[in-house]
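Report on one structure; see the data block that follows.
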Amino acid sequence: MNQVSEALKTQLGFLQQLQQILDNELHLISTRDAEALIKLVKEKEILLDEIQLQDQKIGALLTSATSTDDETESLKQEIFKWVEDCKYRTRINATAVEQGQLRLEHLRSLIMESRAKESLTYDKAGKKHAGQKGGGISA
């Protein structure tokens, strides 16, 4: 087995690990486990750095190689498929995060509306006033 094939197989292993991390990330996003999610994101960053370094190594090996065999081409095509799958899973995770943020914003606005209704009072003329109850009384 040549160096290019070995490097490609290593890269394929990294991409398989990344896919598993992305699946775990989606689960943690949906369960809102912030501490575990932060830990997983750090692991993902380390793995992405390893993937980038391996990619540079593969690039250098491919430029120095005179020709590529069928195994190398097959591995490259498989890697491209894994990369596309990881990109797809990343988009799914990003959408899940955005939806979670929208739900939190909606909940926040509901709480603010509820608080505003609790502090609603009426003046002598019967007009609504939002503010602290009994604000004009001093001891």
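12 is the number of the first residue of the sequence shown in this note's numbering; add one for each residue after it.
Idealized CB from N, CA, C, for every residue including glycine.
All of these numbers come straight from a predicted model, not from anything done at the bench.
- Counting the other CB atoms within 10 Å of its CB gives F91 a total below 16, which places it among the exposed residues.
- For N35, the enclosing alpha helix (DSSP H) has its first and last residue at 14-42.
- The count of Cβ pairs closer than 8 Å, one atom from the stretch 119-129 and one from the stretch 47-55, stays below three, leaving the stretches out of contact.
- Here the C-alpha atom of V15 lies approximately 27 Å from the C-alpha atom of L33.
- Judged by beta-carbon spacing, I103 lies beyond the 8 Å limit of L26, meaning their Cβ atoms are not closer than that value.
- For K53, the enclosing alpha helix (DSSP H) covers residues 45-75.
- CA-to-CA, the gap between Q65 and E89 works out to about 16 Å.
- Buried is the label assigned to T83, since at least 16 other Cβ atoms lie within 10 Å of its Cβ.
- Taken through DSSP and simplified to helix, strand or coil, T79 comes out as coil.
- In the DSSP assignment, T101 is bridged to no other residue.
- Under the 10 Å beta carbon count, A136 is surrounded by fewer than 16 other beta carbons and is classified as exposed.
- Taking C-beta atoms as the reference points, G111 and I49 fail to come closer than 8 Å.
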